[in-house]
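Student: Each residue of the sequence shown is one higher than the one before, counting from 0 in numbering that gives the first Met the number 0. Positions of the beta carbon are idealized from the N, C-alpha and C atoms, including for glycine. Quick one: structure below, then a few questions.
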Amino acid sequence: MMINTWIEAFIKPQETFTKEKANASFGGAALNLAIAAVISAVLAYLFNLAMSAFSGVAPDVLLLPLTIVAIIVFEFIYVGVIYVIARLLGGNGGYVTLLYFASLYAPVVALLGSIPLVSILVGLYSIYLFVIAVKESQNISTGRAAVAVFIPLVLLTFRIINLLYMAKNAKPAAMKIIQHKFWAALLNLEGNPNALGACGIRGLNLPAGRNVVTLASALWVSWGLLLCHKQR
């Protein structure tokens with residue numbers, strides 16, 4: 000069953016990828032990612048709906064389809080970037096195989112990643128899963144696979160540094176607004192790629208399966224914003 004394959008890919012990635020390699024297809028990957036996107040978007044919407052009792056701002060249900068599409072499209076692009084890097088590092092596998100492997104555990108990550116605190120551990124583990132997916136699909140070493148996965152994270156770090164620099168030079172009143180918006184976004188990071196952008200923080204939007212990146216970014220930027228605010 001499909002659900003059993005998702006669970007096996009999450010628990011025993013290397014064995015599952017080896018077994019599923021012959022079944023890799025674009026259609027299968029798209030279906031898995033679509034299911035993961037629906038899980039992420041719906042759970043994020045329900046969470047926002049519950050939080051609206053305190054914030055007074057109800058989420059727009061019309062954004063659900065857009066969020067789902069955005070998650071799927073971003074996943075295709077993100078995997079494509081990793082694929083190109085892996086090929087430059089000596090990989091010889093196909094894009095569809097990598098996409099399919101990454102999609103196998105995506106629904107489980109989307110579900111568990113919506114649980115507060117647990118999402119951090121799931122996010123860290125999802126990076127490990129992606130490294131194994133790159134290794135098995137592109138036939139390269141674990142080290143090269145890790146490099147392919149972490150290069151985008153390094154680029155993201157530079158983006159965070161740039162954001163911190165802009166925050167440091169913001170006026171105190173603007174700083175309070177940024178902090179308020181950022182923490183509001185932090186509560187809505189899981190499974191919602193538009194959360195930060197909708198709250199006025201651009202450039203950190205990531206899909207489900209990359210939750211550890213958004214959470215780590217959230218903590219880094221939040222710490223920087225608080226530090227800058229205290230210095231004023």
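Could you check what DSSP says for Tyr-104 in three-state terms: helix, strand or coil?
Tutor: Looking at Tyr-104 - three-state DSSP - the assignment turns out to be coil, as it is neither helix nor strand.
Student: Taking the alpha helix (DSSP H) that Lys-18 belongs to, which residues open and close that run?
Tutor: Start and end: 12 to 19.
Student: For Val-78, tell me which candidate among Leu-65, Ala-28 and Val-117 has the shortest Cα-Cα distance.
Tutor: It is Ala-28.
Student: With distance defined between alpha-carbon atoms, name the residue in Val-121, Ile-38 and Tyr-82 nearest to Ile-71.
Tutor: Checked all of Val-121, Ile-38 and Tyr-82; the closest Cα to Ile-71 is Ile-38.
Student: So, are the CB atoms of Tyr-104 and Phe-25 less than 8 Å apart?
Tutor: Not a contact, by the Cβ cut-off of 8 Å.
Student: To the nearest whole angstrom, what separates the beta carbons of Leu-93 and Asn-138, a pair I think is in contact under 8 Å?
Tutor: Strictly speaking, residue 93 in this sequence is Gly, with Leu absent from that position. With 8 Å as the limit, Gly-93 and Asn-138 do not qualify as a contact, their Cβ atoms being about 11 Å apart.
Student: Going by the beta-carbon positions, is the gap between Ser-136 and Phe-100 smaller than 8 Å?
Tutor: The answer is yes: Cβ separation under 8 Å.
Student: Does Ile-76 come out as helix, strand or coil in the three-state DSSP assignment?
Tutor: The answer is helix: DSSP assigns Ile-76 an H, G or I state.
Student: Considering only the alpha carbon of each residue, which of Gly-90, Leu-45, Ala-52 and Ile-2 lies closest to Gly-142?
Tutor: The shortest Cα separation from Gly-142 among Gly-90, Leu-45, Ala-52 and Ile-2 belongs to Gly-90.
Student: If we ignore side chains and look at the alpha-carbon of each, how far apart do Ala-147 and Phe-73 end up?
Tutor: Roughly 17 Å separates the two Cα atoms.
Student: Can Val-133 and Ile-81 be called in contact, C-beta distance under 8 Å?
Tutor: Yes, the Cβ-Cβ distance between Val-133 and Ile-81 is below 8 Å.
Student: Apart from the five residues just before and just after Leu-128, which ones in its own chain have a Cβ nearer than 6 Å to its Cβ?
Tutor: Here the set comprises Pro-12 and Tyr-104.
Student: Does the Cβ-Cβ distance between Phe-16 and Ile-131 come in under 8 Å?
Tutor: Cβ distance < 8 Å, so Phe-16 and Ile-131 count as in contact.
Student: Leu-155: buried (16+ other C-beta within 10 angstroms of its C-beta) or exposed?
Tutor: So Leu-155 ends up on the buried side.
Student: For Ser-102, collect the residues of the same chain with a Cβ closer than 6 Å to its Cβ; drop the 5 residues on either side in sequence, then sort them by chain order.
Tutor: For Ser-102, where only same-chain residues beyond five positions count, the Cβ hits under 6 Å are Ala-28, Asn-31 and Leu-32.
Student: Just reading off the alpha helix (DSSP H) that Ile-131 is part of, what are its end residues?
Tutor: Counting along the chain, the alpha helix (DSSP H) containing Ile-131 begins and ends at 117 to 137.
Student: So which of Leu-116, Ile-34 and Ala-144 has the shortest CA-CA distance to Ala-85?
Tutor: It is Ala-144.
Student: Sort Met-0, Val-41, Val-95 and Leu-162 by Cα distance to Lys-20 and report the nearest one.
Tutor: Taking only the C-alpha atoms, the option nearest Lys-20 is Val-95.
Student: For the alpha helix (DSSP H) that contains Val-56, what are its first and last residues?
Tutor: Counting along the chain, Val-56 falls outside any alpha helix (DSSP H), and DSSP gives it neither H nor E.
Student: Using DSSP with H/G/I as helix, E/B as strand and the rest coil, what is Leu-98?
Tutor: Looking at Leu-98 - three-state DSSP - the assignment turns out to be helix.
Student: Count the other CB atoms, across all protein chains shown, that sit within 10 Å of the CB of Ala-43; report buried if there are 16 or more and exposed otherwise.
Tutor: With 16 or more Cβ atoms within 10 Å of its Cβ, Ala-43 is classed as buried.
Student: Taking all protein chains shown into account, decide if Ala-48 is buried (16 or more other Cβ within 10 angstroms of its Cβ) or exposed.
Tutor: Looking at the sequence shown, residue 48 is not Ala but Leu. Exposed is the call here.
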